[in-house]
Amino acid sequence: MIVQLERDSATRALAQAVSVLERKSTREILEHVLLEARPGGVEIKATDLKISLTQTLPGETSSPGAVAVPGRKLYEIFRELPPAPVRLELEENRWLHITAARSSFHVPTERADEFPEFPAAPEEYRPFPAASFTRMLEKTLFSASNDETRPTLCGVYLHAHEDPSTGTETLRMVSTDGHRLTIMEQPTPGVLDMFRDGIILPKKGLASLKALVDDSGEGFEIAQSGGRIFCKLANAEMCLTPIDGAFPRYQDVIPSDPRNRVILAKEPFADALRRVALMTDPDTHSVIFEAAENRVVLRSMNAHAGDSREELEARLEGEPQKIAFNASYFIEALRHLDGDEVKVEIDQPLAPCLVRSDEDPGYLCVVMPIRID
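For the sequence shown, our numbering begins at 3 and goes up steadily by one.
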């Protein structure tokens with residue numbers, strides 16, 4: 003196998019491939035990427051058996067072939083190579099020789115036939131609106147869990163429904179880590195059949211897909227086959243295996259009509275939270291939020307570091323409120339919320355707190371409060 007590649011495009015492709023790989027696997031081959039040199043270029047494949055990614059790069063192939071190479075090491079090498087064409091040659095001893103300008107590396111490889119087979123891709127795909135898809139992921143991925151002991155929380159729940167009066171199809175994405183929950187929905191035609199019953203897709207795979215779509219700047223196509231979701235871009239294909247299990251009944255924790263609302267300017271609120279958060283307890287990151295008629299007072303205290311207090315202008319609809327919450331969760335919610343004003347809706351001190359904006363109608367963040375001692 004001998005092929006020559008452009009350094010920058012290959013480095014970007016390897017970065018995407020590495021995002022799919024397992025960091026530590028009981029099967030060493032899953033820490034490898036498969037390089038398949040063909041006339042006109044090379045395919046780079048990566049998988050963790052739940053997520054499979056194939057990328058196609060143009061190149062000059064002198065001798066076709068295929069080989070599995072340690073993925074992270076290959077990416078680290080490409081990232082540091084000088085700006086010159088990169089030549090890959092599989093030598094007789096099955097080491098891969100990598101050269102660019104005056105740089106030279108030898109990397110051990112595994113046989114291509116040891117690399118897992120990918121699921122067969124379907125023949126029919128349908129267009130999917132990339133801009134709305136990536137926007138929805140941007141607003142939900144951050145609150146999905148990283149706790150692998152709770153696998154159904156380590157993904158985003160996608161569910162589609164149809165308005166019976168208008169026939170409008172709406173896609174909803176939901177994620178939670180058990181402490182906060184985010185919901186984003188918007189009209190998305192052509193998704194009802196695929197997501198009517200709801201499906202949990204892995205956080206890691208969706209983050210990789212979002213990066214691919216953002217990098218390409220183009221739309222993509224989507225299909226469902228054998229219980230898997232397939233996504234096809236101009237130069238990449240991804241297969242996502244859903245997470246087994248039922249997503250929590252998230253609707254049950256959302257107050258239907260909170261009795262109290264506090265309206266604040268979003269950016270001053272976020273800035274104040276960041277300042278007050280400097281003095282929170284490192285275990286709870288707890289901030290006390292006190293709302294009165296025309297103001298909100300934020301307070302934090304750390305027995306070893308000191309305390310902080312800040313006052314903000316606000317409008318209160320309802321009764322004065324005093325709650326505590328994790329400042330980090332609120333800061334992240336505000337970061338992903340569009341608009342100049344934010345509504346903090348509180349039914350009672352220990353009920354879930356709702357964060358939303360009239361300027362971002364499809365988005366809702368739910369934050370669980372912390373008990374005040």
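All C-beta atoms in this analysis are idealised placements derived from N, C-alpha and C, irrespective of residue type, glycine included.
For residue 240, the pairing in a beta bridge is given by DSSP as 55, 233. Under DSSP, residue 127 forms no beta bridge with any residue. In this chain, the beta strand (DSSP E) harbouring residue 365 covers 365–369. DSSP places residue 334 in no beta strand (DSSP E) but in the uninterrupted alpha helix (DSSP H) bounded by 329–337.
Note: residue 47 is bridge-paired with 36, 56 in the DSSP secondary-structure output.
Beta-bridge partners of residue 186 (DSSP): 175, 365. Secondary structure note for residue 298: its beta strand (DSSP E) is the uninterrupted segment 297–304. For residue 313, the enclosing beta strand (DSSP E) starts and ends at 308–315. Here the C-alpha atom of residue 285 lies approximately 12 Å from the C-alpha atom of residue 329. Proximity of the segment 199–212 to the segment 43–63 meets the contact definition, three or more beta-carbon pairs being nearer than 8 Å.
The shortest CA-to-CA distance from residue 324 to any of 299, 311, 229 is the one to 299. Minimum Cα-Cα distance from residue 230 among the listed residues 345, 200, 258, 152 corresponds to 200. Burial is judged here by how many other beta carbons sit within 10 angstroms of a residue's own beta carbon; residue 26 has fewer than 16 and is exposed.
In the assembly as shown, residue 174 is a buried residue. Its beta-carbon has 16 or more other beta-carbons within 10 Å. Put simply, the backbone Cα of residue 245 is about 43 Å away from that of residue 306. Rounded to the nearest angstrom, the gap between the Cα atoms of residue 18 and residue 214 is 7 Å. Taking a cut-off of 8 Å on C-beta distances, the segment 361–374 touches the segment 177–196, as three or more cross pairs fall below it. CA-CA distance, residue 241 to residue 322, rounds to 50 Å. Here residue 107 carries a strand assignment [DSSP, helix/strand/coil]. DSSP lists 39 as the beta-bridge partner residues of residue 67.
The shortest C-alpha to C-alpha distance from residue 343 to any of 292, 142, 270 is the one to 270. Ranked by how close their Cα comes to the Cα of residue 256, the residues 276, 188, 355 have 355 in first place. Secondary structure at residue 144: helix, using DSSP grouped into helix, strand and coil.
Classified as buried, residue 347 has 16 or more neighbouring CB atoms from the shown chains inside 10 Å of its CB. Taking C-beta separations shorter than 6 Å and ignoring five residues to either side along the sequence, the partners of residue 331 in its chain run 182, 369, following chain order.
Listed in chain order, the non-local C-beta contacts of residue 250 below 6 Å within the same chain number zero, local neighbours out to five positions each way being set aside.
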